[in-house]
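Structure first, then comments.
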């Protein structure tokens, strides 16, 4: 029987090397996990801003296209401009009474432009949209029977004065009758919207767009046959990106610069008013 009188294990140096390798490997694994989590957060924030922009543009493309609808179109009378004229000193800001007008603003920090779309209620075999406000509320039967002209106003509220700051930066809508009285209630359409800018497409006799101009430059709103819209949207967390200065431009407005960590996205689109093909 052989008996080993001497047994050897790892030396102190070998133990120190093994421990150092373990620390290095753990560091790289943790770094990969942190980087992956950070990348996922950035991707989610960017996706939120982009999805909000696409959703808002898709919704407005469908709702705004009703501009200029005239239920008495067969008579050739009572032409309804698709876009309401520019606000003046007598007009209030929505959702207050008397806010049924288009507003031009080059400053996107305050929400940008306000878009006022005109149409009439009721008509021959009216659909659900022809008897409701822009927020989907039913309008009284008497107003539908009278086939009155109404105005849907869309605007951005950067600060809703709500204690919950996540309720800031919202796209709102409210419907007015022709006298500027509010029909139904104003409601928020989407969160995560910081600004909106519009350009009016001025048409020829055939209804084709000749050029685009700002609402403040328009002289005859009955000639508007199309609309170009830019929407500035943002993420919901406010900490998606690294702190830095970033500048965004919406159509003809003054560029706006932010210095924060918010992921933003500019969504643009063009909406044609089929009811204004022949003007």
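In the numbering used here, the protein residues as written are 48 to 326. Where a beta carbon is used, it is the ideal one built from N, C-alpha and C, also for glycine.
About 5 Å separates the CB atoms of residue 312 and residue 100; that is less than 8 Å, so the two are in contact. The three-state secondary structure of residue 137, taken from DSSP, is coil. The residues 131, 132, 133, 134, 138 and 163, in chain order, have a CB closer than 7 Å to that of residue 148 in the same chain once the five nearest residues on each side in sequence are set aside.
By the Cβ test, the region 215-231 is in contact with the region 186-206, since at least three Cβ pairs between them sit closer than 8 Å. Excluding sequence positions up to five before and after residue 180, its CB lies within less than 7 Å of the CB of 186, 222, 230 and 231, all in the same chain and listed in chain order. Taking a cut-off of 8 Å for Cβ pairs, the region 261-281 and the region 292-304 touch, as three or more such pairs fall below it. A direct Cα-Cα distance of roughly 14 Å separates residue 109 from residue 165. Taking all protein chains in view, the Cβ of residue 206 is surrounded by fewer than 16 other Cβ atoms within 10 Å, so the residue is classified as exposed. Between the alpha carbons of residue 273 and residue 263 lies a distance of about 16 Å. Residue 74 counts as exposed, since fewer than 16 other beta carbons sit within 10 angstroms of its beta carbon. Only exposed fits residue 154, as fewer than 16 other CB atoms lie within 10 angstroms of its CB. At the C-beta level, residue 105 and residue 271 stay beyond 8 Å of one another. In the structure shown, the three-state DSSP call for residue 158 is coil.
Burial is judged here by how many other beta carbons sit within 10 angstroms of a residue's own beta carbon; residue 291 has fewer than 16 and is exposed. Taking C-alpha positions only, residue 72 is separated from residue 316 by approximately 50 Å.
In this structure, residue 96 lies away from residue 237, with their beta-carbon atoms at least 8 Å apart. Shown here for residue 322: same chain residues with a beta carbon closer than 6 Å to its own, the five before and five after excluded, namely 115 and 116 in chain order.
Around residue 261, the same chain offers 151, 246 and 299 as residues with beta carbons nearer than 7 Å, after the five sequence neighbours per side are excluded.
For residue 282 against residue 92, the beta-carbon gap comes to about 4 Å, under 8 Å, which counts as contact.
DSSP lists no beta-bridge partner residue for residue 239.
Nearest neighbour of residue 285 by Cα position, chosen from 65, 173 and 241, turns out to be 241.
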